[in-house]
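Novice:
Below you can see the structure in the form of structure tokens.
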């Protein structure tokens with residue numbers, strides 16, 4: 113079994129330590145982590161001893177529940193999180209119009225859904241698509257990202273260019289709806305084909321119907337002309 117030359121831990125032990133350290137940081141006990149990851153506690157505990165080669169999708173779900181990428185969970189962070197660079201020269205903070213916000217979201221991608229939680233708002237990454245100026249995503253019934261109909265939610269997408277110290281974010285606030293109309297579901301499956309990265313059956317479609325759509329862009333203004 114390979115061990116890390118500095119820590120003496122095997123790869124599986126190092127992953128288990130990362131999971132434990134991240135749980136401590138987020139205040140998640142094992143039952144809560146299993147619930148957010150969509151698996152039973154015994155299976156979660158088994159995966160931490162079996163390693164990612166046994167069930168890569170399972171580790172992807174654990175990583176998402178911990179707010180990490182798969183690579184960060186399995187191999188550890190190899191660099192600082194984004195936002196460590198200095199501000200751009202002549203930075204400017206610009207407000208996006210609603211049309212610019214929708215243009216930035218595009219047709220699909222990965223965003224974050226914020227839902228009311230027992231101890232405060234809880235935020236989860238989801239694969240989304242844009243459908244007639246609403247946002248839709250798929251999840252498990254009664255799963256972590258299942259927002260009951262009528263729940264007030266927020267949805268956020270951002271992009272950061274750490275090299276140029278520029279980026280943008282779009283924030284949608286509104287209410288959640290469960291999509292149960294068969295014709296609509298067939299159209300969504302046919303036209304949008306949202307495939308959640310977390311894997312597993314995700315039969316529940318949720319629509320975020322916006323009450324407000326706002327966005328900002330951080331950019332660098334051109335240098336003034338010199339005489």
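Numbering (this note's numbering), first residue to last: 113 to 339.
Just so it is clear, CB atoms sit at the ideal spot from N, CA and C, and this is done for glycine as well.
Taking only three categories from DSSP, how would you classify residue 188?
Specialist: On the chain shown, residue 188 is found 76 positions in, with the first residue counted as 1. It is coil, neither helix nor strand.
Novice: Decide if residue 115 is buried, meaning its Cβ has at least 16 other Cβ atoms within 10 Å, or exposed.
Specialist: The sequence position of residue 115 within the chain shown is 3, counting from 1. With a pLDDT of 44 at residue 115, under the threshold of 50, the modelled position of this residue cannot be trusted; read the value that follows with caution. The residue in question, residue 115, is exposed, as its Cβ has fewer than 16 Cβ neighbours within 10 Å.
Novice: Check the Cβ-Cβ distances between residue 148 and every residue of chain D, and say whether any is below 8 Å.
Specialist: Considering every chain present, this structure includes no chain D. It has just one protein chain.
Novice: Could you say which of 216, 266, 285 lies nearest to residue 329 if we only look at CA atoms?
Specialist: Along the chain shown, one-based indexing puts residue 329 at 217. When each option's Cα is compared against that of residue 329, the closest is 216.
Novice: Pick out whichever of 142, 228, 242 has its Cα sitting closest to the Cα of residue 304.
Specialist: For the purposes of this step, residue 304 is identified with residue 192 of the chain shown, where counting begins at 1. Considering only alpha carbons, the answer is 242.
Novice: Does the stretch 280 to 297 touch the stretch 119 to 137, meaning 3 or more C-beta pairs lie closer than 8 Å?
Specialist: Counting Cβ pairs under 8 Å, fewer than three are found: no touch.
Novice: Following the continuous alpha helix (DSSP H) through residue 219, name the residue where it begins and the one where it ends.
Specialist: In the chain shown, counting from the first residue as 1, residue 219 sits at position 107. Note, residue 219: premise wrong, no alpha helix (DSSP H); not H, not E.
Novice: With a Cβ-Cβ cutoff of 8 Å, do residue 163 and residue 126 count as a contact?
Specialist: Here residue 163 is taken as the residue at index 51 of the chain shown, counted from 1. Here residue 126 is taken as the residue at index 14 of the chain shown, counted from 1. Against a cut-off of 8 Å, the Cβ pair of residue 126 and residue 163 comes out as no contact.
Novice: Who are the Cβ neighbours of residue 306 in its own chain at under 6 Å, not counting the five residues just before and after it?
Specialist: The residue you call residue 306 lines up with position 194 of the chain shown. Excluding sequence neighbours, residue 306 sits near 239, 241, 250.
Novice: Between the alpha carbons of residue 248 and residue 221, how many angstroms are there, rounded?
Specialist: Locating residue 248 in the chain shown gives position 136, where the first residue counts as 1. Locating residue 221 in the chain shown gives position 109, where the first residue counts as 1. C-alpha separation (whole angstroms): 11 Å.
Novice: May I have the straight-line CA-CA distance separating residue 321 from residue 209, to the nearest angstrom?
Specialist: Position 209 of the chain shown holds residue 321. Position 97 of the chain shown holds residue 209. Cα to Cα, the separation comes out at about 18 Å.
Novice: For residue 142 and residue 129, which I take to be in contact (beta-carbon distance under 8 Å), what is that distance rounded to the nearest angstrom?
Specialist: Taking the first residue of the chain shown as position 1, residue 142 is located at position 30. Taking the first residue of the chain shown as position 1, residue 129 is located at position 17. Contact flag wrong, Cβ pair sits at about 14 Å.
Novice: For residue 315, I'd like the list of residues in its chain whose CB is within less than 8 Å of its CB, leaving aside the five on either flank, ordered along the chain.
Specialist: Looking up residue 315 in the chain shown gives position 203. 250, 252, 253, listed in sequence order.
Novice: Can you grab the Cα-Cα spacing for the pair residue 166 / residue 160, in whole Å?
Specialist: For the purposes of this step, residue 166 is taken as residue 54 along the chain shown, with counting starting at 1. For the purposes of this step, residue 160 is taken as residue 48 along the chain shown, with counting starting at 1. Whole-angstrom Cα-Cα distance: 10 Å.
Novice: Comparing alpha-carbon positions, which option in 172, 261, 188, 201 lies nearest residue 290?
Specialist: The residue you call residue 290 lines up with position 178 of the chain shown. Minimum Cα distance to residue 290 is reached at 261.
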